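Numbering (my numbering), first residue to last: 29 to 703. Built from N, CA and C at the ideal position, the CB exists for glycine as well. Please read all numbers here as calculations on a predicted model, not as lab measurements. To keep things clear, I will list the structure first and then write my remarks on it.
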Amino acid sequence: MEFESIPGVGAKTAAALAELDDPERALETGDVAALAEAPGVTQGRAARIARGAIRREHDDDGDFLATDRAREVYREVLGLLQDRTVTRYAEARLETFYPSGARSRIEEVREFAREAIEREADDAAIDALDGVEPLSEPSNVTVRDRCLATTDAERYRAATDAMPELSVEVVEDARGLAELARGYATVIAIDETFAGVDVEGDVRVEPDALEKPAEIVPERALAFFAENRDRIRAAIDVHRASDLDPDADLDALESALERLDADGTPAGDEELERLERAVDDLDAAAGTSESVANDRLRESIREQDVTVEGSDLLSLVEQGAGVDSLLSRELADEYAAAVEAARENLIDALDLDSGEAEIARRAFGEDPTFPVERDEDVISRLREELQAARDRRATRLKKELARDLADERETAQRLVRAALELDVELAVARFAADFDCAMPEIVEPAATDGGASATQRARERAGGVAIEAGRSPLLDVPIEEVDPVDYEVGGVALLSGVNSGGKTSTLDLVATVVILAQMGLPVPAEDAEIALFEDLHYHAKTQGTLDAGAFESTVREFADLATGGAGSLVLVDELESITEPGASAKIIAGILEALHENGATAVFVSHLAGEIRETADFAVTVDGIEAEGLVDGELQVNRSPVKDHLARSTPELIVEKLAGERDSEFYEELLEKFE
């Protein structure tokens, strides 16, 4: 794959992507987490790269959102989706969903969305998702007790690349191996030429070592699973609490993880734990055992009368004997009992097996001394024996566990990836549920016959939208308090109505429905039909009259749109505010004429709908959001625009109310002005 052909990817980013294990898969599936593993690529950058790859695949120019307000609505809608995610991955992954004019991309997401909205947002699954994150590679795995050895520079490079956790040494002959063996606990020679060498120390000749990393450097697999243990366990919980098909033995994987400690060492092996405790407790246990012997001997001496005759004392003195001889003659049994107590205490305290106990017994000798002291040489020998047994046991367990876990690595990655993608699906499902959404129907514009004019053919390409019981999620009120709106637009229309009647909210609803539909996602309506648009131009209400320069710029913008707007959806909110009302009506009428000729679909909100209709050279459709009256000073409004109806303004309603309440010629004459 040519990475630089992806929009927004330069040579540096392309080189970073090439370092990934399977960048093509990550790009094709929008796997933001995998792309973010590339050097220097953040998760946000990964989302933009994935979006660029999608655009390239579907030949999508990415220009659907043509104005600031259109982009604002998209970001608001996207934010509502992201608010319903649990993981940072899902939040970033949703960035790859965008409104597109490419039918193939829309259909691709619609297929995803149909399955997503069927998902159950189970509380247990959502709670478990809180612990799921993309798996990461540990960066600090270094093994210092063993090395690889070779005589060949090419093999050296291969070994360094294959096992960066180990030192790789270049030697010339068996003597070089012997020198390495003095500095490393284990030396692994990877050249066949060393077969049969006899070198002192733990030197192994394994030409196939690079092909079995789990055995040569089990720390790699153990460190990976230790680093990601909690994430994998959370993914297992997600699968158990949801309707995901794990396609794996969850119990076996969980059991393997239970055999691994947080620091990457084997856990749960009683024999290894016994040996580790024995090594750690040896000095303390030896000191305690000394105290046991001496306390017992002191007590024996206190309780026993020892009589030494003069001739015996003289004999002991002449022989240069001391208290040891006296103990040997008078307290031999008591001394033997004290020493035996020390030995048993040492053996019991360390929980030694028979072979280790045999060494431990020699730590307290038969020859009487006072105070009783341990033999440090024997204690050192016992320590070495215990350490060697511990290391042998740990190495064997590491290899066994690494072999088991190495086979589960792909399974773990698959489980975590599925859990993260479930979060994306559940976000769509919860969005659809929270805003009473439905999948819109994508329809084709009505076709004209072969003899159609250029204008008719342009109109054939025009899109349209029909919304039934739509509720805008952008309103700052609970969705159940939003009045449902029915509205249909195709071609060019003016939208009239009272102030605060919902005209801008209707534009927002149309924009939201179209954006979501062209993202391939469900829309906030009971039903909706969309004839796809090539782009969306949404112009928000201008605050105040524009100066001459700004006015000229705005007119230029609409001139460009009017001459190339076939297939566009144009939503404009009170364009008349850009200049004086009389001039505004003429300008808007001219823009609508051009849009009509070019086959665009447009809705212009205006309080000058009547004046614009009279000025335009074609029959402009005027829809109206009609106020039904005033009750206690509050407007009662039918939020659904009435087709082909010029709605009355708020001032007209107020004058009508006053005319009905008071018998006054003044109010009647004012009311006639509105007719």
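So, is residue i buried or exposed, given that buried needs 16 or more other C-beta atoms within 10 angstroms?
i: L341; result: At L341 the pLDDT is 43, less than 50, meaning the model places this residue with poor confidence and gives no usable figure here.
i: S408; result: exposed
i: D279; result: exposed
i: A364; result: exposed
i: A290; result: exposed
i: A611; result: exposed
i: R142; result: exposed
i: R487; result: In this predicted model, R487 has a pLDDT of only 43, less than 50, meaning its place in the structure is not dependable enough to derive any value.
i: K531; result: buried
i: V505; result: exposed
i: R296; result: With the sequence shown as reference, residue 296 is identified as Gly, and Arg is not the correct amino acid for it. Flag for G296 reads exposed.
i: T70; result: exposed
i: T41; result: buried
i: T95; result: buried
i: D271; result: exposed
i: R131; result: exposed
i: V631; result: buried
i: N168; result: exposed
i: V345; result: At V345 the pLDDT is 46, less than 50, meaning the model places this residue with poor confidence; the figure from the coordinates comes in the next sentence. When all chains shown are included, V345 counts as exposed.
i: G348; result: Unreliable positioning characterises G348 in this predicted model, as indicated by a pLDDT of 47, which lies under 50. The coordinate reading is nonetheless provided below. The residue in question, G348, is exposed, as its Cβ has fewer than 16 Cβ neighbours within 10 Å.
i: P399; result: exposed
Provide the residue span of the beta strand (DSSP E) that contains residue i, from first to last.
i: T115; result: From DSSP, T115 is part of no beta strand (DSSP E); its letter is neither H nor E.
i: E410; result: Residue 410 is actually Leu in this sequence, not Glu. Not the beta strand (DSSP E): L410 falls in the alpha helix (DSSP H), residues 404-434.
i: G518; result: 513-518
i: V215; result: 214-217
i: G498; result: 492-498
i: G652; result: 649-653
i: R232; result: 231-233
Figure out for me which residue from the options has the closest Cα to the Cα of residue i.
i: I619; options: D50, G595, D588, D651; result: D588
i: E507; options: V520, D464, G519; result: Inspection of the sequence shows that residue 507 is occupied by Ile rather than by Glu. For I507, the nearest C-alpha among the options comes from D464.
i: A177; options: T115, V137, T188; result: T188
i: M191; options: I218, L208, R203; result: I218
i: E301; options: Q415, R326, A242; result: Q415
i: E304; options: E604, R420, E642, I264; result: R420
i: R287; options: E639, P468, A249, G204; result: A249
i: E299; options: L425, E401, F31, A440; result: L425
i: V160; options: R99, N256, E247; result: N256
i: Q441; options: E362, P501, A276, V600; result: A276
i: D258; options: A156, A628, F561, E602; result: A156
Look at the Cβ atom of residue i, then the Cβ atom of residue j, and state whether they are nearer than 9 angstroms.
i: V706; j: L454; result: Nothing about residue 706 can be read from this structure; the chain reaches only from 29 to 703.
i: V198; j: A213; result: no
i: V648; j: H624; result: yes
i: Y117; j: R79; result: no
i: E557; j: V493; result: yes
i: L535; j: R499; result: no
i: R97; j: A539; result: yes
i: D563; j: G129; result: yes
i: P552; j: V456; result: no
Which residue comes first and which comes last in the alpha helix (DSSP H) that contains residue i?
i: E715; result: Outside the shown range of the chain (29 to 703) lies residue 715, about which nothing can therefore be said.
i: I77; result: 71-85
i: L450; result: 437-462
i: R53; result: 51-57
i: V542; result: 531-547
i: T14; result: One cannot answer for residue 14 here, as it falls past the ends of the chain, which runs 29 to 703.
i: F252; result: 247-269
i: V60; result: 60-63
i: R142; result: 131-144
i: L163; result: Segment: none, L163 is in no alpha helix (DSSP H) and carries neither H nor E.
i: T41; result: 39-46
i: Y126; result: First-last for Y126: undefined, no H or E at that position.
i: I606; result: Run containing I606: none; DSSP gives neither H nor E here.
i: P241; result: 241-244
i: A186; result: 181-190
Considering only DSSP beta bridges, list what residue i is partnered with.
i: Y566; result: L599
i: P294; result: L288
i: D555; result: E496
i: C175; result: S195, V215
i: A377; result: Note: A377 sits in no beta bridge, so no partner.
i: G383; result: Beta-bridge pairing links G383 to no other residue.
i: I470; result: I558
i: T629; result: L597
i: S524; result: G652
i: V670; result: G652
i: L93; result: L564
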